[in-house]
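Chemist: I have a structure I would like to understand better, so I am pasting it below and will then ask my questions one at a time.
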DNA sequence: CCCCATGTTCGACA
DNA sequence: GTGTCGAACATGGG
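Numbering (the numbering used here), first residue to last: 68 to 345.
Written out as structure tokens, the structure reads:
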């Protein structure tokens with residue numbers, strides 16, 4: 068489920084336990100989510116230490132315990148963070164659970180595309196300090212977007228928006244929402260988005276990110292019906308802007324939903340394989 | 001049984 | 001180097 072806004076929601080699930088001491092851990096060391104780390108080290112690294120920081124950036128989270136233990140968590144396709152009471156009994160897919168006097172903090176992921184990594188460091192890990200700006204942050208400028216689109220000039224813009232090194236936190240549904248709001252065809256070559264269209268795309272990235280955070284992060288509210296979101300997977304879904312039918316296609320390897328009437332293919336360039344559709 | 005899924009990575013190939 | 005495609009990972013839902 069998790070893109071930037073859902074990740075922020077999950078980070079907040081663990082937040083009430085900040086300042087509490089980890090007294091006990093439950094771990095399923097054979098779970099694939101530990102493939103990048105040594106799970107045996109986790110209990111000793113966090114038990115007896117206080118839960119000190121909870122950070123989120125794009126699709127990843129970083130939690131600090133005591134002076135020098137950090138847990139990096141990526142949720143993959145189906146991962147979740149949950150908070151229960153200390154008597155909570157770990158279920159089948161609760162691969163990591165941290166117990167304090169008042170809470171149980173669980174990392175649950177039945178598909179195990181997610182992962183967690185123990186980082187033992189007295190300071191914020193370097194890779195975290197060097198992360199690219201998220202779309203709602205000040206460094207995320209129009210030029211920042213334009214430069215990257217030119218570097219991937221021939222790729223469909225939809226595929227480019229999914230690249231985390233430049234668009235941290237943008238996933239499949241947010242990318243579709245962004246393009247729909249900016250009225251850009253998802254298969255259009257990234258390098259041909261210039262001038263006013265580039266401004267539209269940049270603005271849409273900021274707005275969708277800010278709106279998604281506002282709506283989803285506090286309590287996982289449903290987005291309003293004037294977003295593409297509520298219409299995108301329903302068979303026979305219609306565009307909230309035009310009332311015309313939505314279309315689903317695989318673009319950049321992912322199922323993509325767009326509104327052909329709203330996101331027209333600009334004149335002057337033919338689509339590579341499929342017909343343009345206006 | 002079939003297909004699909006809000007993700008990432010890797011190898012093969014043009 | 002660019003870009004595309006399919007497979008793999010593991011599980012559940014329709």
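Glycine included, every Cβ here is placed at the ideal spot set by N, Cα and C. As the structure is a prediction and not an experimental result, all values here were calculated from the model.
Comparing alpha-carbon positions, which option in 229, 236, 79 and 84 lies nearest residue 124?
Modeler: Its Cα nearest to that of residue 124, the residue 236 stands out among 229, 236, 79 and 84.
Chemist: Would residue 279 and residue 142 be called neighbours here (beta carbons separated by less than 8 Å)?
Modeler: no
Chemist: What residue range does the beta strand (DSSP E) around residue 325 cover?
Modeler: From DSSP, the beta strand (DSSP E) with residue 325 extends over 321-325.
Chemist: Can you list, in chain order, the residues of its chain with a C-beta nearer than 8 Å to that of residue 92? Leave out the 5 residues immediately preceding and following it.
Modeler: 109, 110, 113, 114, 163, 164, 165 and 166
Chemist: Assuming the contact rule is C-beta atoms closer than 8 Å, residue 253 and residue 246 should be a hit. Round their C-beta distance to whole Å, please.
Modeler: 5 Å
Chemist: Which of helix, strand or coil does DSSP assign to residue 167?
Modeler: DSSP places residue 167 in coil when its eight states are reduced to three.
Chemist: Quick check: the Cα distance between residue 304 and residue 139, rounded to an integer number of angstroms?
Modeler: When rounded, the distance between both Cα atoms is 38 Å.
Chemist: Answer yes or no: do residue 315 and residue 324 have a C-beta to C-beta separation smaller than 8 Å?
Modeler: yes
Chemist: Distance check for residue 297 and residue 251, CA to CA, integer angstroms please.
Modeler: So the alpha carbons of these two residues sit roughly 19 Å apart.
Chemist: For residue 210, list the residues DSSP reports as bridge partners.
Modeler: Paired residue(s): none; residue 210 is not in a bridge.
Chemist: Given 8 Å as the limit, is there contact between the stretch 216-231 and the stretch 168-178, that is, 3 or more CB pairs closer than that?
Modeler: For the pair of segments examined, the stretch 216-231 was found not to touch the stretch 168-178: the number of CB pairs separated by less than 8 Å stays below three.
Chemist: Given this structure, state the Cα-to-Cα distance separating residue 313 from residue 329, to the nearest angstrom.
Modeler: 9 Å
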